[in-house]
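Trainee: Once you've had a glance at the structure underneath, I'll fire off some questions.
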Amino acid sequence: MRIPVIAGNWKMNKNIVESVSLVKELKDFVRGIKGVDIVVCPPFSSLWMVEEIINNTNIHLGAQNMYWETKGAFTGEISPLMLKDVGCEYVILGHSERRQYFKETPEEVARKTSAALSTNLLPIVCVGENLKERENGETKAIIEQEIKALFLKIDSTQVGKIIIAYEPIWAIGTGKSSSSQDANIIIKFIRELFSSEYGSKIAERIRILYGGSITPQNITEFVKESEIDGALVGGASLHALSFFHIIKATEIL
């Protein structure tokens with residue numbers, strides 16, 4: 002049985018004081034929650050302080066990005082070993098905002114994913130289509146391109162640790178979300194891609210999340226679907242109570 006993941010992507014929000022306040026409140030809310038892997042992904046500047054608060058709790062620390070090299074002359078970058086050093090267990094890779102604003106390619110995301118796995122970080126790899134691609138009927142083709150780039154870098158001994166987040170780009174931060182049925186169809190397609198490459202046994206281990214305007218009001222309809230193993234949450238993760246309600250709804254199911 003796949004353990005669901007609820008991961009909060011804070012993006013470029015919350016200073017250190019605000020980050021500390023949020024996780025202190027969240028820690029009290031989620032005490033006793035079982036059967037859900039809870040992840041918070043603050044900005045780099047808050048990682049250390051957040052880890053101090055959530056250490057030895059049921060909340061796990063994640064980062065929002067990393068580079069694939071372990072060290073060197075790469076000004077402005079951060080390595081997987083540095084993330085491990087501050088207590089990170091997870092890292093978000095290939096988020097649509099990274100692909101859109103910083104021109105990250107599927108090949109670069111694959112290199113980052115391989116590097117994360119090599120340092121025992123659990124990568125949450127984001128894939129998804131924009132509105133134009135959706136309207137043109139290209140959703141599956143775009144996702145297949147992004148997923149198959151991973152296959153060139155990841156072998157069967159590592160792939161079971163990957164977490165995929167299907168995030169239809171047109172739904173991120175817009176208040177719009179895919180229907181749970183449509184999301185389930187795409188996530189099943191993603192699992193089938195892994196099954197074709199690595200076999201059904203490995204594919205069934207891979208956790209695949211939905212991301213795109215998730216709220217306490219709509220989370221249940223997504224996580225009740227057979228193929229959806231949780232959510233990558235944006236705006237609703239910036240408030241401890243709303244994030245807790247999303248986590249709690251997932252625990253119940």
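In the working numbering, the protein residues as written are 2 to 254. Each residue gets a CB set at the ideal place from its N, CA and C atoms; glycine is no exception.
With 16 as the cutoff for other CB atoms within 10 Å, does glutamine 65 come out buried or exposed?
Mentor: Sequence index remark: in the sequence shown, residue 65 carries index 64 (1-based). The residue is buried, with at least 16 neighbouring Cβ atoms inside 10 Å.
Trainee: To the nearest angstrom, how far is the alpha carbon of isoleucine 144 from that of glutamate 105?
Mentor: On the sequence shown, residue 144 is found 143 positions in, with the first residue counted as 1. On the sequence shown, residue 105 is found 104 positions in, with the first residue counted as 1. Cα to Cα, the separation comes out at about 15 Å.
Trainee: Decide if the region 133-149 is in contact with the region 58-77; the criterion is three or more beta carbon pairs, one per stretch, under 8 Å apart.
Mentor: Flag = no, the region 133-149 and the region 58-77 do not touch.
Trainee: Exposed or buried, what is glutamate 130 when buried is set at 16 or more other beta-carbons lying within 10 Å of its beta-carbon?
Mentor: In the sequence shown, residue 130 corresponds to position 129, counting from 1. Buried.
Trainee: The beta strand (DSSP E) with serine 123 in it runs from where to where?
Mentor: If you number the sequence shown from 1, residue 123 lands on position 122. For the sequence presented, residue 123 should be read as leucine rather than serine. That run of the beta strand (DSSP E) goes 123-128.
Trainee: Are the region 100-114 and the region 136-143 in contact at 8 Å, needing three or more beta carbon pairs?
Mentor: Contact between the region 100-114 and the region 136-143 is absent, because fewer than three Cβ pairs lie under 8 Å.
Trainee: Should asparagine 66 be counted as a contact of the ligand SAH given a C-beta to heavy atom distance under 7 Å?
Mentor: Inclusion of the ligand SAH in the displayed structure is not the case, the ligand content being empty and no account of it being possible.
Trainee: Would you report the Cα separation of glycine 235 and leucine 194, rounded to the nearest angstrom?
Mentor: As a position in the sequence shown, residue 235 is number 234, starting the count at 1. As a position in the sequence shown, residue 194 is number 193, starting the count at 1. C-alpha separation (whole angstroms): 26 Å.
Trainee: With respect to the beta strand (DSSP E) encompassing leucine 210, which residues constitute its N-terminal and C-terminal limits?
Mentor: Sequence index remark: in the sequence shown, residue 210 carries index 209 (1-based). Per DSSP, leucine 210 belongs to the beta strand (DSSP E) from 208-211.
Trainee: DSSP state of tyrosine 68, grouped into three classes?
Mentor: Sequence index remark: in the sequence shown, residue 68 carries index 67 (1-based). Here tyrosine 68 sits in coil by DSSP.
Trainee: Specify the secondary structure class of valine 51 as computed by DSSP and reduced to three states.
Mentor: Translated into the one-based positions of the sequence shown, residue 51 becomes position 50. Helix at valine 51.
Trainee: Assess contact between the region 3-14 and the region 37-47, defined as three or more Cβ pairs (one per stretch) separated by less than 8 Å. Is contact present?
Mentor: The region 3-14 vs the region 37-47: in contact.
Trainee: Spatial neighbours of asparagine 185 within its chain, please: CB distance less than 7 Å, with the 5 preceding and 5 following residues excluded, ordered by chain position.
Mentor: What you label residue 185 is simply residue 184 of the sequence shown in a count that begins at 1. Around asparagine 185: Glu226, Ser227, Glu228 and Ile229.
Trainee: Would you be able to state if there are at least three C-beta pairs under 8 Å between the region 78-86 and the region 20-38?
Mentor: Cβ pair count under 8 Å is below three, so no.
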